[in-house]
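Contents: one structure, followed by commentary.
In our numbering, the protein residues as written are 3 to 134.
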């Protein structure tokens with residue numbers, strides 16, 4: 003059996019969506035932390051919504067991506083799921099370890115409130131940036 007015969011469009015899309023939804027879980031984690039990390043900029047943002055509405059939108063997005071992830075897991079054969087999930091876990095662990103390295107310097111965006119920029123800078127210098 004040829005390799006191209008074992009891959010269908012459904013399988014290729016499911017494997018891509020497995021990776022995309024895995025990466026999106028990291029983004030959603032960051033979205034949940036956004037109002038806490040940048041409280042002043044968050045309150046003064048042009049497109050600010052109440053916290054309950056923001057968290058509702060983010061949680062709805064999370065539920066949708068969990069459904070996409072589960073559909074990919076169900077659609078793909080077990081070896082492909084194991085390889086994909088293992089690769090995601092390795093990349094996430096590497097990113098976490100790398101982000102806690104002293105070689106990484108986090109600079110706040112220019113649009114941020116100066117109080118948020120100072121808080122991020124102090125947290126980065128004291129190596130507490132990831133524990134906030």
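The C-beta atom is built at its ideal place from N, Cα and C for all residues, glycine as well.
Asked: For residue 23, count the other beta carbons within 10 Å of its own beta carbon; 16 or more makes it buried, fewer makes it exposed. Which is it?; Found: buried
Asked: Mapping DSSP to helix, strand and coil, what is residue 4?; Found: Caution is warranted here: a pLDDT of 48 is assigned to residue 4, below 50, making its placement in the model unreliable, and no coordinate value can be reported.
Asked: Quick one: measure Cβ to Cβ for residue 94 and residue 28, integer angstroms, because I've assumed they're closer than 8 Å.; Found: 7 Å
Asked: Check whether the Cβ atoms of residue 16 and residue 78 lie closer than 9 Å to each other.; Found: yes
Asked: Let me know the secondary structure DSSP gives residue 46 once reduced to three states.; Found: coil
Asked: Given a threshold of 16 other Cβ atoms within 10 Å of its Cβ, counted over all protein chains shown, does residue 86 qualify as buried or as exposed?; Found: buried
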